[in-house]
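Just below is one structure, and these are the notes that go with it.
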Amino acid sequence: LIHRDIAARNCLVFKSSDKITAKLSDFNLCKEIYEEEKESPCISLRWSAPESLGECMWSFESDLWMFGVLMWELFTNALYPHDKNSFESTEDFWSYLMEGNTLEMLPEIPVAIQTIILRLNSINPAKRAELGPVGNELTTLFSEC
1 LIHRDIAARN
11 CLVFKSSDKI
21 TAKLSDFNLC
31 KEIYEEEKES
41 PCISLRWSAP
51 ESLGECMWSF
61 ESDLWMFGVL
71 MWELFTNALY
81 PHDKNSFEST
91 EDFWSYLMEG
101 NTLEMLPEIP
111 VAIQTIILRL
121 NSINPAKRAE
131 LGPVGNELTT
141 LFSEC
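Each residue of the sequence shown is one higher than the one before, starting from 1 at the first, in the UniProt record's numbering.
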């Protein structure tokens, strides 16, 4: 199952007396797939992986890319990704990413989180960080807080 719209705007946050929980919502673009999907839904341009923009390829790896952008949003107080740039078309943004441009790593993002975001936002989908190890790293980092 892939989500295809992972972003801060689609997270619900709950606070109980002892913890804060975030849950992903808005499953309108969610799809069950068994291999890469070629389809062109209405997409969130600045959150989308290069392969989703260039080839309309959607996969678990494209969701990992979006998770990296979500993490960036969380640590920048929900700034708009790539906000210092304007793009006239999807092709312009795709070219920008393919030139090696990444999200701006602001000082408020801890270095360990920056490293995770950059691993999730690898141009090559096969080289993106895997969710299990990233989850373990985040659990360790947050337990130290």
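C-beta atoms are modelled at their ideal positions from N, C-alpha and C, and glycine is treated no differently.
Quick caveat: nothing in here was measured; it's all calculated off a predicted structure.
Whose CA, out of L70, N136, D63, lies closest to the CA of A22?
L70
From which residue to which residue does the beta strand (DSSP E) around residue 146 run?
As displayed, the chain neither begins before 1 nor continues past 145, which places residue 146 out of reach and without an answer.
6 Å CB neighbourhood of G68 in its chain, flanking five on each side removed:
I117, L120, N121
W58 beta carbon near the ligand ADP (any heavy atom closer than 7 Å):
The ligand content of the structure shown is nil, which means the ligand ADP is not present either.
Distance between beta carbons of P81 and W94, contact taken as under 8 Å:
The Cβ separation is near 14 Å, so there is no contact.
S44 and A8 - do their beta-carbons sit closer together than 8 Å?
no
Could you name each continuous beta strand (DSSP E) segment of 3 residues or more that falls completely within the stretch 75-110, going from the start of the chain to the end?
none
In terms of residue numbering, what span does the beta strand (DSSP E) encompassing L138 cover?
No beta strand (DSSP E) holds L138; the alpha helix (DSSP H) holding it covers 131-143.
Do you know whose CA, among L106, P125, M105, lies nearest M98's CA?
P125
Using 10 angstroms around the beta-carbon of D63, count the other beta-carbons present and answer buried if the total reaches 16, otherwise exposed.
buried
Per-residue DSSP class, three states only, for I2
strand
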